[in-house]
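In my numbering, the protein residues as written are 6 to 545. Below is one structure, written out as structure tokens; the observations come after it.
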DNA sequence: ATTGCTAAAGGG
């Protein structure tokens, strides 16, 4: 095809892919399959009729705080909950301890976990600790022989994010430097990134409003994330679209977290369908999206995934190098959501990875707060005749006796009524929401993916790039990118054709890649010259 | 008004 990955045939950069693999990999770069679609659909600002609450993410996830006595840290944190935009009525009050936040008047107030984090995780050593004879494991950050996977993404550290897996599509070495050299293992935020965050926030605010929820345990925290997911799925089903939906999946047995920018029932490019069927895997069962008359794709409503990228100029040009990480990103989202829709996700594996006990009851405070947002949490109204049903089953293990004090007004709903008290009990509700919104399993998840380029100035739509899901390309990419995470090989720098990336890289100064590359080329040239000399000698 | 801190992604 037009451009290969520019893998040098002499393997100068350490690649040793088969021609077929090489071809597949190159598709990641070159397959800008669709011409940019018109921007006619750019004002589909969804009126947030808003029966639903989508609760935004939580400051939890500090499962790594495990080795620190949690009481010493006074593990009292909070997360953000998002509610409908126009919320005429308020059900219930904020529970005691909760700030007087109301939808529309959003209070963003994160707990200060920095000390807890610093002492346990990211920093090589606690600052107050004497430098004398520091633990050898803590000091040798430069020549640490452990794999990046073990060093940076194993318990009690946070799991993989989709970003972890896509960053290598830009430059593996840059990401490795980010992980190992940056203070918190993350990239320095640029002004462009901050603006991009704001554009994303503005978009999300069109469908959600923030409410704050207090978190008293890590189980609370993950419970909130599940509630968020449920509410996001319902918003998708009820309004046709939602934003910032969290998805989970496993790659090589590793948990990976992702957040899908946009989900909608609207096909990003209806004319693309025929081409799409050719891109799906030929073997295996014929996809329902195939063009055979018997399996009309139009009969199955599908939700389509979008990722928003903001640009600094209205006439932003898109190079394949820029698109490649976004493709991997959307491929991963597509796969994860498909697997969740097909009920193939191992939720208890997720709990295990986070060190969560699926049977630990949510905190009283958390239940009260969620209960004020979701009536369904309680089964008060669920009995057919409206009678109060004693929680006989619930009290069998004694867990129902959480409130022993007489309940006051805000605790009118006793835990006896609570239907979803634990992560385990919450799971069926999530599975139901997945079935309701994606009733055809993986076939409910569209295989057409879109990158939406928006102008950072005002968020207006610049361009949309549409491309099909490509499982083989994703598998191939994951296979190669996991190699360096496992330390089966060194992380690679950019190809020489993409050296422009180094211009904006904060590690360019002491990056060894270029000199190493020069050295390799030098030796390669020497080899070539040597063999040529031999040849000459033989001939002459 | 904007920044840092949890999340992930944020841009190039």
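Glycine included, C-beta positions come from ideal geometry on N, C-alpha and C.
Could you check the C-alpha separation between residue 457 and residue 266 for me, to the nearest Å? 10 Å
In angstroms with no decimal places, state the Cα-to-Cα distance between residue 447 and residue 360. 29 Å
Please report the Cβ distance between residue 239 and residue 438, rounded to the nearest whole angstrom; I am assuming they are in contact, meaning their Cβ atoms lie under 8 Å. Cβ-Cβ separation between residue 239 and residue 438: approximately 6 Å, consistent with a contact (criterion under 8 Å).
Secondary structure at residue 272, three-state DSSP: helix, strand or coil? It is coil, neither helix nor strand.
Is there contact between the segment 169 to 178 and the segment 271 to 278, where contact requires at least three CB pairs shorter than 8 Å? no
Determine the direct distance from the alpha carbon of residue 469 to that of residue 237, and round the result to whole angstroms. Roughly 24 Å between the two C-alpha positions.
Applying the criterion that 16 or more other CB atoms from any shown protein chain within 10 Å of the CB defines a buried residue, is residue 311 buried or exposed? With 16 or more other Cβ atoms from the protein chains shown falling within 10 Å of its own Cβ, residue 311 counts as buried.
What residue from 511, 519, 525 and 352 has the CA that sits closest to residue 195's CA? Closest by alpha carbon: 511.
Whole-angstrom distance between residue 524 and residue 500, CA atom to CA atom: 14 Å
Residue 333 beta carbon less than 8 Å from that of residue 171: yes
Nearest-angstrom Cα separation, counted from residue 475 out to residue 293: Note that residue 293 scores 42 on pLDDT, short of 50, meaning its location in the model is unreliable and no value can be drawn from it.
Tell me, please, which residues DSSP counts as bridged to residue 328. Note: residue 328 sits in no beta bridge, so no partner.
To the nearest angstrom, report how far apart residue 517 and residue 379 are at their CA atoms. Rounded to the nearest angstrom, the two C-alpha atoms are 55 Å apart.
Could you tell me which residues DSSP pairs with residue 310 in its beta bridges? 268 and 454
Would the segment 216 to 223 count as touching the segment 250 to 258 if we require 3 or more Cβ pairs under 8 Å? no
Could you tell me the boundaries of the alpha helix (DSSP H) in which residue 496 lies? Neither: residue 496 is in no alpha helix (DSSP H) and is coded neither H nor E.
Taking the DSSP output, what are the residues bridged to residue 220? 82
By DSSP, does residue 351 sit in helix, in strand, or in coil? coil
Would you identify the three-state DSSP class for residue 428, choosing helix, strand or coil? helix
Helix, strand or coil at residue 448 [DSSP, three-state]: helix
Rounded C-alpha distance that separates residue 160 from residue 356: Rounded to whole angstroms, residue 160 to residue 356 spans 12 Å at the Cα level.
Candidates 263, 209, 367 and 314, of which the one nearest residue 339 by Cα: It is 263 whose Cα lies nearest to the Cα of residue 339.
Pick helix, strand or coil for residue 212, following the three-state DSSP scheme. coil
Best match in 365, 484 and 480 for proximity to residue 224 [C-alpha to C-alpha]: By alpha-carbon distance to residue 224, the top candidate from 365, 484 and 480 is 365.
Look up residue 207 in the DSSP assignment and say whether it is helix, strand or coil. helix
Work out the CA separation of residue 515 and residue 192 for me, nearest whole Å. 16 Å
Length-filtered (4 minimum) alpha helix (DSSP H) runs lying within the segment 145 to 205: Secondary structure in the segment 145 to 205: the alpha helix (DSSP H) runs of 4 residues or longer, each lying completely within the stretch, are 153 to 158 and 167 to 186 in chain order.
Based on the DSSP secondary-structure assignment, which residues constitute the bridge partners of residue 473? 453
Under 8 Å between C-beta atoms of residue 321 and residue 467: yes
Considering just the uninterrupted stretch of the alpha helix (DSSP H) at residue 378, what are its terminal residues? 369 to 378
What is the DSSP secondary structure of residue 468, reduced to helix, strand or coil? strand
Quick one: grab the DSSP three-state call for residue 323. coil
One or two residues paired with residue 250 in a DSSP bridge: According to DSSP, which records beta bridges pairwise, residue 250 is partnered with 265.
Go ahead and pull the three-state DSSP assignment for residue 517. coil
Straight-line CA distance for residue 481 to residue 493? 16 Å
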